[in-house]
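Numbering (the numbering used here), first residue to last: -8 to 216. For glycine and all other residues, C-beta sits at the position ideal for the given N, C-alpha and C. Have a look at the structure below, then the notes.
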Amino acid sequence: MPAEQVSDPSSKRDRGVFITVEGGDGAGKTTLARSLAECLGRAGRPVRLTFEPGGTELGVRLRSLVLDPELEMNDWMETWLFLAARASHVHDVLLPAIAAGELIFSDRFTDSTLAYQGYGRGLDLDRLRRLNAEATNGLTPDLTLLLDVPAEVGLARTRARSSVADRIGDADLAFHERVNSGFRGLASEHAERIRLIDASRAESEVLIDALSIVNEWLDARERAT
Ligand code: Z5A
């Protein structure tokens, strides 16, 4: 398997910072990303929040197609839609923001494709890695916060919030368990980038852990530059 380019903070004095938040359905990614942005903003570190699939007009339209339970598509068609949304997100939002020196948090990115389409749907992981690399032009996150929660807990949270069906959230429990164990496997493979957080705890406890990981990473980067 090809090694990832690991972030070297010392080589990136003026470059922005790209952090992703990943995890299964209902892990609390959106909630955490918003709270982190608020805390960091108050501390003088403004954050740009973005998400996948979405983040651009094209991404938002592709999102409604790929999640639409009325539409039939095979697993590779589903993958291409996520990749097209990602290519647009990288080109129109992420690369310009990184070049402008911003601190960016993306709710989902390439690890979601490996976890959902690779481990969940069973598609070839090496091919997905190559396609991710093409869609992103080689962009990898500097740091990833992986929220780990048992699949049934995450699904109970999202179902308590809304009963609206979507093609992926409505897959069976075994699918979501494969996705979660895929995410954990990715965390062991890329321990230098992906930090696992127990997200079955209260929101405030998850936030404290995440904030300390991010602040430590940002402080180390500042010391190195
Ligand atoms: N997908 C894919 O298959 N391949 C890809 O490459 C990409 C994505 C990029 C996106 O839909 C779907 O696309 C997703 C993966 C797939 N699967 N599905 N379905 P989405 O963006 O709508 O779904 P999501 O990313 O899973 O978001 P979510 O369901 O909203 O989950 P979340 O962002 O992790 O959770 P949340 O919105 O912050 O919280 C959910 C509820 O739990 C909410 O009521 C919170 O108040 C509550 N919550 C949050 N944290 C806690 C804690 N700590 N305790 C208790 N309750 C909590």
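Considering residue i, what are the terminal residues of the alpha helix (DSSP H) in which it resides?
| i | result |
| --- | --- |
| Arg112 | Segment: none, Arg112 is in no alpha helix (DSSP H) and carries neither H nor E. |
| Leu138 | Leu138 -> not in any alpha helix (DSSP H); beta strand (DSSP E) instead, spanning Leu134 to Asp139. |
| Val51 | Glu48 to Val57 |
| Leu86 | Leu86 to Ala90 |
| Ser172 | Leu164 to Glu180 |
| His82 | Segment: none, His82 is in no alpha helix (DSSP H) and carries neither H nor E. |
| Leu31 | Lys20 to Arg33 |
| Glu143 | Ala142 to Arg152 |
Is the separation between the beta-carbon of residue i and that of residue j shorter than 8 Å?
| i | j | result |
| --- | --- | --- |
| Val12 | Ala106 | no |
| Thr135 | Asn123 | no |
| Val57 | Phe73 | yes |
| Leu130 | Leu85 | yes |
| Gly92 | Gly7 | yes |
| Lys20 | Asp98 | yes |
| Ala190 | Gly14 | yes |
| Leu40 | Leu202 | no |
| His80 | Gly111 | no |
| Gly17 | Gly145 | yes |
| Arg175 | Asp139 | yes |
| Leu187 | Leu137 | yes |
| Arg54 | Ala76 | yes |
Exposed or buried, residue i, counting other C-beta atoms within 10 Å across all chains shown (16 or more means buried)?
| i | result |
| --- | --- |
| Pro44 | buried |
| Gly35 | exposed |
| Ala126 | buried |
| Asn65 | exposed |
| Pro60 | exposed |
| Thr216 | exposed |
| Glu213 | exposed |
| Val205 | buried |
| Asp102 | buried |
Do residue i and ligand 1 come close, with the Cβ less than 7 Å from some heavy atom?
| i | result |
| --- | --- |
| Leu209 | no |
| Leu99 | In the sequence on display, residue 99 carries Arg and not Leu. Correct: Arg99 has its Cβ closer than 7 Å to ligand 1. |
| Tyr107 | yes |
| Ile159 | yes |
| Pro219 | What is shown of the chain runs -8 to 216, which leaves residue 219 out entirely. |
| Arg121 | no |
| Asp16 | yes |
| Ala193 | yes |
| Thr21 | yes |
| Thr197 | For the sequence presented, residue 197 should be read as Val rather than Thr. Yes, the beta carbon of Val197 sits closer than 7 Å to at least one heavy atom of ligand 1. |
| Ala78 | no |
With respect to the beta strand (DSSP E) encompassing residue i, which residues constitute its N-terminal and C-terminal limits?
| i | result |
| --- | --- |
| Ser97 | Leu94 to Asp98 |
| Leu187 | Ile185 to Asp189 |
| Ile204 | Taken as a continuous stretch (DSSP letters only), Ile204 belongs to no beta strand (DSSP E), being part of the alpha helix (DSSP H) at Glu194 to Ala215. |
| Leu40 | Val38 to Phe42 |
| Glu13 | Val8 to Gly14 |
Using 7 Å as the cut-off, classify the Cβ of residue i as near or not near the heavy atoms of ligand 2, replying yes or no.
| i | result |
| --- | --- |
| Arg169 | In the structure on display, ligand 2 does not appear, and the ligands it does have are ligand 1. |
I want to see whether chain C comes within less than 8 Å of residue i, judged by CB atoms only; does it?
| i | result |
| --- | --- |
| Thr104 | Reference to chain C is not applicable here, since this structure consists of a single protein chain. |
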